[in-house]
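Taking my numbering, the leading residue of the sequence shown gets 12, the next gets one more, and so forth. No residue lacks a Cβ here, since even glycine has one placed at the ideal position from N, Cα and C. See structure below.
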Amino acid sequence: MTTPGTTATDAEDTAAGLALAEALQAVARLHDDAMATIAQLAETGDAPAEPLRVVRLAERPSVGQRTEAAAA
Numbered sequence: 012m013t014t015p016g017t018t019a020t021d022a023e024d025t026a027a028g029l030a031l032a033e034a035l036q037a038v039a040r041l042h043d044d045a046m047a048t049i050a051q052l053a054e055t056g057d058a059p060a061e062p063l064r065v066v067r068l069a070e071r072p073s074v075g076q077r078t079e080a081a082a083a
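In structure tokens:
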């Protein structure tokens, strides 16, 4: 650590530079992991866990209304 009016030694500069570089690499890795997770969720977030069968309106059983129920 330096105080105003003094200069850091080469060892301090090197240690601080290495620590900063390692910290920036760690942040970059976290960012890349987060972006990959977000991309995966964007692709599959709305997808059901299991495949679904889509039933078309024409395939649904028809429901008839009884005349007694219609009069009520």
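Run through DSSP, which three-state label would Val65 get?
If DSSP states are grouped into helix, strand and coil, Val65 belongs with coil.
What separation, rounded to the nearest whole angstrom, lies between the Cα atoms of Asp43 and Ala34?
If I take the Cα positions, the gap works out to 14 Å.
Straight-line CA distance for Thr48 to Thr25?
Between Thr48 and Thr25, the C-alpha separation is close to 35 Å.
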